[in-house]
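Reading through the structure tokens given below for one structure.
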Amino acid sequence: MNKIGKILLIVLGVPALVFVGLVIYEVTIGFSESPSEEVKKPPSCSFTREPEETWPDETASDPPIGNVELIKNAYLIETYDVFGSNLSEVRDSMNKDGPIIIKQKVPNVNMSVKGVAYAGGNVGVIWRKKNTAAGCILTKANVTINITLILPNWANKAAASDQDQEMWDLYLKFLKRHEQGHINMGLKAARELQAELAQLKPAPSCKELDGKIKVLYDEMVQKGNEAGINYDNRTNHGVTQRPDLLACNWGELKID
170 MNKIGKILLI
180 VLGVPALVFV
190 GLVIYEVTIG
200 FSESPSEEVK
210 KPPSCSFTRE
220 PEETWPDETA
230 SDPPIGNVEL
240 IKNAYLIETY
250 DVFGSNLSEV
260 RDSMNKDGPI
270 IIKQKVPNVN
280 MSVKGVAYAG
290 GNVGVIWRKK
300 NTAAGCILTK
310 ANVTINITLI
320 LPNWANKAAA
330 SDQDQEMWDL
340 YLKFLKRHEQ
350 GHINMGLKAA
360 RELQAELAQL
370 KPAPSCKELD
380 GKIKVLYDEM
390 VQKGNEAGIN
400 YDNRTNHGVT
410 QRPDLLACNW
420 GELKID
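Per my numbering: the sequence shown = residues 170 to 425.
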């Protein structure tokens with residue numbers, strides 16, 4: 170007889186959260202006042218391109234691997250309005266009105282982390298198993314992923330100067346690029362879990378098979394969270410991935 174196992178996650182249920190990226194308070198968005206000492210600003214017009222930006226994203230084809238499918242349930246893009254007559258005022262509005270993300274620092278203790286942009290998601294697994302002469306086998310599994318991206322929307326941008334509007338559009342491109350790195354890491358974790366489940370051998374009992382799946386899942390969660398932390402540390406939450414737009418010769422700044 171087929172039996173069903175399931176691991177489904179709430180998006181903010183750290184440590185079960187698979188990937189999350191949060192751009193923290195915006196001290197400089199490459200076009201305003203000098204950053205504080207805590208925020209490292211890339212020199213002049215330089216910026217880094219990180220490998221995570223080019224990993225296969227949510228538009229890539231994901232065929233089944235054996236009897237294991239990867240199902241992309243949702244990609245939600247949400248915005249929150251910010252206001253200002255110039256970029257400095259918009260920055261202040263982002264810091265005031267940006268999304269609040271709840272992170273679980275220790276069991277049963279939550280803390281609020283405020284930021285100006287957010288990318289996060291969760292991965293779940295539903296599987297069927299069956300007792301056979303060879304042992305308990307995985308007959309079918311679905312790895313599911315949900316993605317949420319939250320970005321600022323300058324609601325009264327049309328009233329600003331042409332230069333401020335153009336610089337804002339550039340800023341958003343760089344902001345999205347950093348968050349896409351987080352999304353791609355989450356997809357990579359889900360794809361790796363799909364491949365590992367497809368190679369799962371029969372277990373002496375279905376309880377042991379469930380245990381093997383739980384171990385694979387927990388390893389994916391740990392690797393995904395560590396990768397996200399390392400990515401943010403390496404890029405200073407995306408600061409190194411965008412240039413100082415005021416210092417740039419705009420004719421030389423190429424953004425693909």
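Every residue, glycine too, gets a C-beta built ideally from N, C-alpha and C.
Beta-carbon within less than 7 Å of Arg346's beta-carbon, same chain only, minus the 5 sequence neighbours each way: which residues are those? Glu222, Gln410
Would you list the one or two residues that DSSP bridges to Asn291? Asn315
Stretch-stretch touch, CB-based, cutoff 8 Å, three pairs: the region 367-381 with the region 238-253: no
For Lys345, does the three-state DSSP call read helix, strand or coil? DSSP places Lys345 in the helix class (H, G or I) of the three-state scheme.
Let me confirm a value: Ile193 is counted as buried when at least 16 other C-beta atoms fall within 10 Å, else exposed. Which label applies? Caution is warranted here: a pLDDT of 45 is assigned to Ile193, below 50, making its placement in the model unreliable, and the coordinate value is therefore given only provisionally. By the neighbour-count rule (16 or more Cβ atoms within 10 Å), Ile193 is buried.
Please report the Cβ distance between Leu320 and Leu341, rounded to the nearest whole angstrom; I am assuming they are in contact, meaning their Cβ atoms lie under 8 Å. Indeed, because the Cβ distance is near 7 Å, the residues count as touching under 8 Å.
Which of the three DSSP states, helix, strand or coil, is assigned to Ile337? This sequence places Trp at residue 337; Ile is not what is there. Note: Trp337 maps to helix in three-state DSSP.
Contacting residues, own chain, Cβ-Cβ under 6 Å from Asp231 (five flanking each side not counted): The beta carbon of Asp231 lies closer than 6 Å to those of Leu239 in the same chain, with the five residues before and after it left out.
Between the region 352-365 and the region 320-338, do at least 3 Cβ pairs fall closer than 8 Å? no
CB Val312 to CB Ala359, shorter than 7 Å? Cβ atoms of Val312 and Ala359: closer than 7 Å.
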